[in-house]
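Comments concern the structure below.
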Amino acid sequence: MSDSSTTRSKFSKADYASDQDVRWCPGCGDYAILASVQRTLPELGVSPSQTVFVSGIGCAARFPYYMNTYGFHTIHGRAPAVATGLKLANPEVSVWVVTGDGDALSIGGNHLLHTLRRNVDLNILLFNNRIYGLTKGQYSPTSLIGQVTPSTPLGSVDMPVSPLRLALGAGGRFVARGYDVSKRLPELLKEAHAHVGASFVEILQNCPVFNDGAWSDVTDRKRAAESQLWLESGQPMRFGPNREKGIRLRNAQLEVVTIGRDAEESEVLVHDEQNIGVAFLLAGLGDPIAFGVLYRDPAPAYDAAVRAQNSSAVARAGVGDLHALLHSGHTWTVE
């Protein structure tokens, strides 16, 4: 990584783009996400030399190659663990984890769960295309029931994982959703970065080769007003071409209503980012799909607590001596 740009006070998208040829399939949603990230980073006030991207295995895992920052292309499912160690060792850097639905929710499920539970100060981006792309189209933990793939020729019988519900259940303190070609994705990335602690953003993404149109019913511009509910803190949950529809909470369930016909405007639910119960319901809403920040309730970050504990131990016992430690107690020499 070149450090030539780090002496400047301001950065541009070009400062974060590496000289590597971007190699994803034509039409892959990863291109749009990469562009959004590279446009967003200059506005965060963090230099490329203070930024790290960590990935696991999968199509999304090529991300670090295309960023003119520090990066680690790690092993399958272990990106959160590596990123945790990095943040503990160097708390000054901005650490981003890029992962896919297969990488994070299958072999990496345990690592993701505990990273969220601990509330490590990482920005976790999960690209969800409902398929294993790199390994040629097997069904993934988010594939729909009945989906026909090389590994499920008669259709999948697995109940798909809800990434956002998993994040909420694991204790995630910032849980959000966007999609690859959304113009609102950069703003969502800014909010994730501003959050102290683990931020988790699911990004719905198209795989034109193995699962083309996986989210077309949601992202198609012609019906986006009907299929997308963009959440704003303190604002009524309204959507539709003329914002004539809303979300009402009744009998502990969310229901879609037409304002003025099915319900009064006063009955429309107002978004409270600290209401984890409603966030859980929003995470499972299928039509429309909820976008934006579903839940945000800051808590002390794990890495900050570890550093404070270490500082306290040093103040009490002094700086350790590794050589003395290794040669203390019961030792012996093998000849």
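To convert, note that position 7 of the sequence shown is 7 in the working numbering; the numbers rise steadily by one, no gaps.
Think of the CB as a built atom: it goes at the ideal place given N, C-alpha and C, for glycine as much as any other residue.
Quantities reported herein were computed from a predicted structural model and do not represent experimental measurements.
Would you kindly work out how many angstroms separate the C-alpha atoms of residue i and residue j, rounded to a whole number?
| i | j | result |
| --- | --- | --- |
| residue 15 | residue 333 | 54 Å |
| residue 170 | residue 119 | 10 Å |
| residue 218 | residue 109 | 26 Å |
| residue 214 | residue 206 | 6 Å |
| residue 317 | residue 311 | 10 Å |
| residue 339 | residue 115 | The question about residue 339 has no answer, for the chain in this structure spans 1 to 335. |
| residue 21 | residue 31 | 12 Å |
| residue 204 | residue 135 | 19 Å |
| residue 139 | residue 320 | 50 Å |
| residue 314 | residue 197 | 24 Å |
| residue 245 | residue 259 | 6 Å |
| residue 274 | residue 322 | 45 Å |
| residue 40 | residue 156 | 37 Å |
| residue 107 | residue 266 | 45 Å |
| residue 328 | residue 335 | 19 Å |
| residue 226 | residue 300 | 38 Å |
| residue 216 | residue 222 | 10 Å |
| residue 304 | residue 93 | 13 Å |
| residue 202 | residue 29 | 13 Å |
| residue 137 | residue 326 | 50 Å |
| residue 228 | residue 234 | 18 Å |
| residue 231 | residue 111 | 29 Å |
Under 9 Å between the Cβ atoms of residue i and residue j?
| i | j | result |
| --- | --- | --- |
| residue 144 | residue 165 | no |
| residue 302 | residue 121 | yes |
| residue 12 | residue 68 | no |
| residue 97 | residue 123 | yes |
| residue 125 | residue 192 | yes |
| residue 66 | residue 34 | yes |
| residue 276 | residue 297 | yes |
| residue 278 | residue 272 | yes |
| residue 173 | residue 195 | yes |
| residue 153 | residue 142 | no |
| residue 254 | residue 285 | yes |
| residue 181 | residue 25 | no |
| residue 103 | residue 45 | no |
| residue 54 | residue 89 | no |
| residue 36 | residue 185 | yes |
| residue 269 | residue 247 | yes |
Closest by CA to residue i, which one among the options?
| i | options | result |
| --- | --- | --- |
| residue 77 | 258, 264, 105 and 220 | 105 |
| residue 163 | 329, 154, 265 and 100 | 100 |
| residue 237 | 291, 319 and 87 | 291 |
| residue 51 | 146, 195 and 70 | 70 |
| residue 62 | 185, 79 and 46 | 79 |
| residue 167 | 199, 159 and 184 | 199 |
| residue 293 | 189, 328, 254 and 335 | 189 |
| residue 211 | 326, 133 and 248 | 133 |
| residue 23 | 111, 64 and 47 | 64 |
| residue 59 | 89, 241 and 73 | 73 |
| residue 280 | 175, 309 and 183 | 175 |
| residue 224 | 179, 252 and 331 | 179 |
Start and end of the beta strand (DSSP E) containing residue i?
| i | result |
| --- | --- |
| residue 200 | 199–204 |
| residue 223 | Element bounds for residue 223: n/a, residue is neither H nor E. |
| residue 293 | 289–296 |
| residue 255 | 253–258 |
| residue 177 | 174–179 |
| residue 109 | Segment 109–118 is the alpha helix (DSSP H) holding residue 109; no beta strand (DSSP E) there. |
| residue 183 | Careful: residue 183 lies outside any beta strand (DSSP E) and carries neither H nor E. |
| residue 94 | 94–100 |
| residue 70 | 70–73 |
Identify the continuous alpha helix (DSSP H) that holds residue i and give its terminal residues.
| i | result |
| --- | --- |
| residue 37 | 29–40 |
| residue 276 | 276–283 |
| residue 325 | 322–326 |
| residue 311 | 302–317 |
| residue 55 | No alpha helix (DSSP H) holds residue 55; the beta strand (DSSP E) holding it covers 51–55. |
| residue 132 | Note, residue 132: premise wrong, no alpha helix (DSSP H); not H, not E. |
| residue 166 | 163–169 |
| residue 85 | 79–89 |
If you measure from the beta carbon of residue i to each beta carbon in chain C, is any gap under 9 Å?
| i | result |
| --- | --- |
| residue 212 | In the displayed structure, chain C is absent; only one protein chain is listed. |
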